[in-house]
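One structure below.
Numbering (the numbering used here), first residue to last: -7 to 230.
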């Protein structure tokens, strides 16, 4: 794997900076080449096995960009954009669960609990919803209320999809620009307390645009406290 980080933050008190993270990794190529050269027979699924287990082969890349603007008087505007994709090939038709992407949760789209958003516009009832393509955007206005109490207003957007794998469900699959209509939007507000060595955070996320609803009833259908998600976290989400 290869990792690249460009961090322009001078210190922990710097609130005007940017961070760019890039990662790429490959898995299974060496095992695939060795199996091929050794003449190992494939199993009934046309896959090589090591010790009776078919190994995974894929390429995965992630790009994560964070930008802070210091607006003065303890006001900060924070922005994050993220893109990730994992493509199976060769000895695999899907990505291992541990290497796949999920959406929702206190550090992601806060209007959905972790693993409960997506893929795409599907109405999946799986306990853990995951896929191999992810897009995420967040914007957050942070401000001081008084003393060590701080507030925030935020908007989160994004989703996960299946692409280049063995999933055939159209609602779960990324199919070009039309699939961008499946980007879920959550908005809300939060309260934070600064203990100086860490920040205790509580955020309330409201489903602003839910792509899993029928077309025409996706905006603000569940925008209320009864359907909100209440998040507790340590330190900022990004």
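All C-beta atoms, glycine included, are put in the ideal place defined by N, C-alpha and C.
Separation of residue 187 and residue 194 (C-alpha to C-alpha, rounded to the nearest whole angstrom) is 14 Å. Secondary structure at residue 106: coil, using DSSP grouped into helix, strand and coil. Shown here, residue 27 sits in a helix according to DSSP, grouped into three states.
One Cα belongs to residue 160, the other to residue 205, and the distance between them is close to 20 Å.
Non-local C-beta neighbours of residue 32 in its own chain, meaning closer than 7 Å and more than five positions away in sequence, comprise 40, ordered along the chain. In chain order, 190, 191, 192, 193 place their CB closer than 8 Å to the CB of residue 226, counting only its own chain and leaving out the 5 sequence neighbours on each side.
Taking the C-beta atoms as reference points, residue 70 is found no nearer than 8 Å to residue 1.
Ranking 93, 218, 73 by CA distance to the CA of residue 153 puts 93 first. According to DSSP, residue pairing for residue 157 in a beta bridge does not occur. Closest in alpha carbon position to residue 13, among 19, 34, 57, is 57. Counting along the chain, the unbroken beta strand (DSSP E) around residue 132 starts and ends at 125 to 138. The DSSP-derived three-state label of residue 172 is helix. By a beta-carbon distance limit of 8 Å, residue 50 contacts residue 19. Their separation comes to about 6 Å.
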